Amino acid sequence: MSQKTEILLLEDDANFGLILKEHLQMQGFGVTLCVNGAEGWGKFRDNSYDLCLVDVMMPKMDGFTFARKVRDMDQDIPLVFLTAKSLTEDKIKGFGIGCDDYITKPFSIEELLLRLRAIMKRVNARESDNKRVHFKIGKFSFDYNRSVLILNDKERKLTPKEADLLRLLCLNLNKTLDRNEALRKIWDTENYFSGRSMDVFISKLRKYLKDDPRIEIMGIHGKGFRLIVNE
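Residue 0 is where the sequence shown starts when you use numbering that gives the first Met the number 0, and the numbers rise one by one after that.
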């Protein structure tokens, strides 16, 4: 790893936690070990981490409660449960909260490392995509930095919110852009009036892109929007 990945490890078994911390450090990870959920929440709130590795059954604050608080604060940080709770309903609960993986004890260190590296690979790829500022949309070119949509050397200047919304659609090309995610990232809210405002911006983008009939911005009922370029 070129840059050290910082892991927040929550494990109430001190001996096991220290062993796991040492193994991860030997592989180049930075590790902060906490022995209960309340301590872990304090560390998470006051510091920056790349991944949370969380036991479920802990004193003061259990792992599920910790994970909910994390997700309220940060929707994107990878979150992995390490737990002896192996029942299907527990796994469903964990993934329902928004974990990226659910690993049951006992497990091998080798398997854990493979899973963590796979998660961080996905995260790094997503972050790389999020830095993109130039897009090809059918016959159009879109320069996000300049907020311009270009067709046959003719430029249309977009407003900041039009450009932000079109960029999110481009980053999710052929996938559904969640409506609430777009509202949070662009309008910093999920209220009804901002939602109606976003619908107006979607209509404007459809109008701007209509000169290429292959391009479609579909409304997905109850979910969001999908930018499609048909062959």
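Note that beta-carbon positions come from the ideal geometry of N, C-alpha and C, so glycine has one too.
Small disclaimer: the values here were computed from a predicted structure and weren't measured.
- Message: Between the alpha carbons of F224 and I216, how many angstroms are there, rounded?
- Response: Here residue 224 corresponds to residue number 225 of the sequence shown, with the count starting at 1. Here residue 216 corresponds to residue number 217 of the sequence shown, with the count starting at 1. If I take the Cα positions, the gap works out to 7 Å.
- Query: What are the boundary residues of the beta strand (DSSP E) that includes M217?
  - Reply: Walking along the sequence shown from the start, residue 217 turns up at place 218. From DSSP, the beta strand (DSSP E) with M217 extends over 214-219.
- Task: Keeping to the same chain, check which residues put their C-beta closer than 8 Å to that of S1; ignore five residues upstream and five downstream.
- Result: Numbered from its first residue, the sequence shown carries residue 1 at position 2. Here the model assigns S1 a pLDDT of 46, short of 50, so the residue's position is not dependable and the matter cannot be decided.
- Item | Cα-Cα separation between G221 and K20, rounded to whole angstroms | Position 222 of the sequence shown, counted from the first residue, corresponds to residue 221. Position 21 of the sequence shown, counted from the first residue, corresponds to residue 20. Taking the straight line from one Cα to the other gives about 43 Å.
- Task: From the DSSP output, read off the bridge partner residues of V55.
- Result: By one-based count along the sequence shown, residue 55 stands at place 56. Partner(s): none; V55 has no beta bridge.
- Message: Let me check understanding here. Comparing Cα to Cα, which of N171, F141, G16, L7 lies closest to I108?
- Response: What you label residue 108 is simply residue 109 of the sequence shown in a count that begins at 1. Relative to the Cα of I108, the nearest Cα in the group N171, F141, G16, L7 belongs to G16.
- Message: Using C-beta distances below 6 Å, list every residue in its chain close to A37, excluding the 5 sequence neighbours before and after it, in chain order.
- Response: The residue labelled residue 37 in the question sits at position 38 within the sequence shown. For A37, where only same-chain residues beyond five positions count, the Cβ hits under 6 Å are K59, M60.
- Paired residues, beta bridge with H22 - DSSP: Looking up residue 22 in the sequence shown gives position 23. Bridge partners of H22: none, in fact.
- Message: If you follow the beta strand (DSSP E) that K33 is in, where does it begin and where does it stop?
- Response: In the sequence shown, residue 33 corresponds to position 34, counting from 1. The identity of residue 33 in the sequence shown is Cys, whereas the question assumes Lys. Counted as a single uninterrupted DSSP element, the beta strand (DSSP E) harbouring C33 occupies residues 29-33.
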